[in-house]
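Q: Sharing a structure with you now.
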Amino acid sequence: MGSGKKRWTAALLATAVLSITAACGGEGAGGDVKLRFSYWGSAARQKMTQEAIKKFEAKNPNIDIEEEFSDFRSYYDKLATKVAGDETPDVITLEIRGLREYADRGTLTDLSSTVNTADIDSKVLATGAIDKKQFAIPTGVNAWSLVVDPKAIKDAGQQLPDDTTWTWEQYADLAAKITAATDGKVYGTQQSFNPAFLQIFAAQRGESFYQGDKLGISPNTLKAWWAVHRKLINTKGSPDAAKSVELGALGEDRSLFATGNGAMGMWWSNQLGSINKASGKEVDLLRMPKPQGATTGGMFLQPAMFYTASSKSAHAAEAAKFIDFMINDPEAGQIILSDRGLPASSKVLAAVRDKLPETDKKTLAFLDKVKDELTDSPVAPPKHASAMEDILTRYTNEVLFGRMAPDDAARKLITEANALIAG
Numbered sequence: 399m400g401s402g403k404k405r406w407t408a409a410l411l412a413t414a415v416l417s418i419t420a421a422c423g424g425e426g427a428g429g430d431v432k433l434r435f436s437y438w439g440s441a442a443r444q445k446m447t448q449e450a451i452k453k454f455e456a457k458n459p460n461i462d463i464e465e466e467f468s469d470f471r472s473y474y475d476k477l478a479t480k481v482a483g484d485e486t487p488d489v490i491t492l493e494i495r496g497l498r499e500y501a502d503r504g505t506l507t508d509l510s511s512t513v514n515t516a517d518i519d520s521k522v523l524a525t526g527a528i529d530k531k532q533f534a535i536p537t538g539v540n541a542w543s544l545v546v547d548p549k550a551i552k553d554a555g556q557q558l559p560d561d562t563t564w565t566w567e568q569y570a571d572l573a574a575k576i577t578a579a580t581d582g583k584v585y586g587t588q589q590s591f592n593p594a595f596l597q598i599f600a601a602q603r604g605e606s607f608y609q610g611d612k613l614g615i616s617p618n619t620l621k622a623w624w625a626v627h628r629k630l631i632n633t634k635g636s637p638d639a640a641k642s643v644e645l646g647a648l649g650e651d652r653s654l655f656a657t658g659n660g661a662m663g664m665w666w667s668n669q670l671g672s673i674n675k676a677s678g679k680e681v682d683l684l685r686m687p688k689p690q691g692a693t694t695g696g697m698f699l700q701p702a703m704f705y706t707a708s709s710k711s712a713h714a715a716e717a718a719k720f721i722d723f724m725i726n727d728p729e730a731g732q733i734i735l736s737d738r739g740l741p742a743s744s745k746v747l748a749a750v751r752d753k754l755p756e757t758d759k760k761t762l763a764f765l766d767k768v769k770d771e772l773t774d775s776p777v778a779p780p781k782h783a784s785a786m787e788d789i790l791t792r793y794t795n796e797v798l799f800g801r802m803a804p805d806d807a808a809r810k811l812i813t814e815a816n817a818l819i820a821g
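To get the working numbering, take the position in the sequence shown, counting from 1, and add 398.
And the structure:
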């Protein structure tokens with residue numbers, strides 16, 4: 399009887415609180431709506447994001463944005479824990495590799511009728527759609543490219559290549575010559591093990607990274623890709639395997655560019671500004687090398703990241719409003735500029751074009767130059783694709799350290815990847 403009385407008292411108290419809240423105009427009716435917004439990045443990104451959030455809150459005084467920020471390495475682990483614990487943020491930042499996983503488990507909501515996407519290129523927009531539902535809105539675009547320090551190349555007595563025709567052999571030879579000419583003080587290039595590099599390399603050989611729910615890359619392409627890495631190490635065009643692997647785990651602020659010990663490397667085009675800043679030098683973007691006789695360069699535009707919204711959010715309209723602001727409002731664009739890729743909205747890009755830092759203008763000019771050569775933007779990869787980078791890194795390390803023959807590594811990588819994707 400006593401416990402029943404306690405339950406009734408609690409219920410009456412809750413009703414009274416609800417009545418008072420309603421009378422005062424509670425959440426969504428003039429009161430404060432709290433939206434949780436998760437994203438990753440550097441301290442610089444957090445600072446500009448906070449500035450954009452303040453601008454949004456000033457325009458929408460009934461909405462408070464609670465940021466849930468972390469570095470990239472811990473971001474997805476933290477997000478997975480929140481989703482599993484039924485504490486999904488209202489607005490979630492995702493990469494393309496994790497999109498299908500969260501969409502298929504019902505975490506995300508369709509934004510097609512709530513966020514204005516009229517000014518986003520249809521091919522780029524399609525990267526955020528699954529089964530005709532627009533689960534994700536691209537923040538901006540970038541391309542995986544070759545970054546060069548022209549002065550370092552010239553100081554080594556070498557010339558910048560013609561990037562419309564250069565091959566992987568020429569790239570490796572140039573890297574070796576730079577290292578030799580500087581007595582190893584400046585390495586020709588820094589190695590990259592990013593899946594985007596392999597995706598371009600495979601496209602040049604007529605293969606796609608994924609073919610439905612299987613890996614589309616052949617053993618021969620994997621072996622040829624590893625051969626490029628091994629040649630760079632063997633000819634000292636890059637640091638040795640141990641140093642290359644160590645550098646591969648670090649950001650651009652700790653790269654060979656940053657320490658003045660590198661002339662080339664591969665990065666996303668929107669990272670050119672931070673590389674420029676870290677190196678204190680003027681760096682440029684080039685097309686990726688390709689095999690002799692290749693009919694495509696394999697490069698592509700990819701959303702730097704997406705904004706998505708939780709399907710369980712109690713404030714779906716407000717979440718969509720915040721995403722719309724971050725994507726379409728020129729004031730937000732003038733704060734964020736190209737940090738999340740060059741703005742996906744053509745109107746925002748036009749509004750901020752003249753305000754972009756010189757390095758970002760250089761990036762924009764480069765993407766304009768290569769746009770007619772680009773392959774289609776990739777669709778959302780299969781579930782569990784977010785683990786592909788770890789698999790690729792693990793087998794690449796086995797090959798580079800000589801612990802596994804390329805034939806065995808290629809076969810086992812494909813078997814493991816296909817089992818993961820099918821699971």
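Even glycine gets a Cβ: it sits at the ideal position worked out from N, Cα and C.
No experiment lies behind these values; they were computed from the predicted model shown.
Within this structure, are the beta carbons of P741 and Q568 separated by less than 8 Å?
A: Cβ atoms of P741 and Q568: not closer than 8 Å.
Q: Measure the alpha-carbon distance for S636 versus P804 and round it to whole angstroms.
A: The straight-line gap from Cα to Cα measures roughly 20 Å.
Q: Specify whether the segment 514–526 and the segment 681–697 touch according to this definition: at least 3 beta carbon pairs, one from each stretch, less than 8 Å apart.
A: Cβ pair count under 8 Å is below three, so no.
Q: So, for I812: in the same chain, excluding its five sequence neighbours on each side, which residues have a beta-carbon less than 6 Å away from its beta-carbon?
A: Here the set comprises L613.
Q: For K432, name the three-state secondary structure that DSSP assigns.
A: If DSSP states are grouped into helix, strand and coil, K432 belongs with the strands.
Q: Which residue's Cα is closest to the Cα of N632: E650, G649, G586, W666?
A: Here the closest residue by C-alpha is G586.
Q: Assuming I598 and M697 are in contact, meaning their beta carbons sit under 8 Å apart, how far apart are those beta carbons, in whole angstroms?
A: The pair is a contact, with the Cβ atoms about 6 Å apart (cut-off 8 Å).
Q: Between the segment 493–506 and the segment 778–796, can you find at least three pairs of beta-carbon atoms closer than 8 Å?
A: These segments touch.
Q: Do you know offhand how far D561's Cα is from R751's?
A: Cα to Cα, the separation comes out at about 26 Å.
Q: Which whole-angstrom value describes the C-beta separation of Q588 and G660, a residue pair presumed to lie in contact below a C-beta threshold of 8 Å?
A: That belief holds up - the Cβ atoms of Q588 and G660 are roughly 5 Å apart, short of 8 Å.
Q: Just curious, the beta strand (DSSP E) that F595 is in, first and last residue?
A: Not the beta strand (DSSP E): F595 falls in the alpha helix (DSSP H), residues 593–602.
Q: If we ignore side chains and look at the alpha-carbon of each, how far apart do E485 and N618 end up?
A: Roughly 44 Å between the two C-alpha positions.
Q: Return the CA-CA distance between A676 and I461, expressed in angstroms with no decimal places.
A: Cα-Cα distance, rounded: 37 Å.
Q: Roughly how many angstroms separate the alpha carbons of P701 and F799, rounded to a whole number?
A: Each residue's Cα considered, the two are about 33 Å apart.
Q: For G424, I'd like the list of residues in its chain whose CB is within less than 6 Å of its CB, leaving aside the five on either flank, ordered along the chain.
A: Note on G424: pLDDT 38, under 50, position unreliable in the model; the coordinate value appears next. Answer for G424: no residue qualifies.
Q: Could you tell me if K583 is buried or exposed, where buried requires 16 or more neighbouring beta carbons within 10 angstroms of its beta carbon?
A: Burial call: exposed.
Q: Tell me which same chain residues have a C-beta within less than 7 Å of the C-beta of I518, skipping the five on either side of it?
A: P536, A742, S743.
Q: Determine contact between the segment 667–684 and the segment 638–647, defined as no fewer than three beta-carbon pairs at a distance below 8 Å.
A: With the cut-off at 8 Å, the segment 667–684 and the segment 638–647 do not touch.
Q: In whole angstroms, give me the CA-to-CA distance for D774 and L699.
A: Taking the straight line from one Cα to the other gives about 8 Å.
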